[in-house]
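In the working numbering, the protein residues as written are 10 to 115. This report refers to the structure that appears directly beneath it.
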């Protein structure tokens, strides 16, 4: 997988919507993904590349590893962004998901 080639403007931040709430916490953190047209299209293309990649053909990826990519603030993302790691859930060779993954309700 190549280095990220994010074009346009993209801002990815993590917020706690209940920072100022006086009541008991009911939801977790929120991830906000904002961008201009070029930035969002670029992120979409990057996600498609990861989805379509045949991990078994990646000779430098160890067995049972997962291909991933780091998006770095002030390099790939805005200065105000958090670092983001995007990658595959399924492992090379086995297709297994990592242990802490909990699927959504059907």
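Beta carbons: idealized from backbone N, C-alpha and C, even for Gly.
{"Item": "With a Cβ-Cβ cutoff of 8 Å, do residue 47 and residue 88 count as a contact?", "Value": "no"}
{"Item": "What number of angstroms, rounded off, separates the C-alpha of residue 111 from the C-alpha of residue 98?", "Value": "11 Å"}
{"Item": "Can you check DSSP and say which residues form a bridge with residue 93?", "Value": "80"}
{"Item": "Checking 8 Å against the spacing of the C-beta atoms, do residue 78 and residue 21 come in under that value?", "Value": "no"}
{"Item": "Report, in whole angstroms, the separation of the C-beta atoms of residue 64 and residue 76, which I expect to be a contact under 8 Å.", "Value": "5 Å"}
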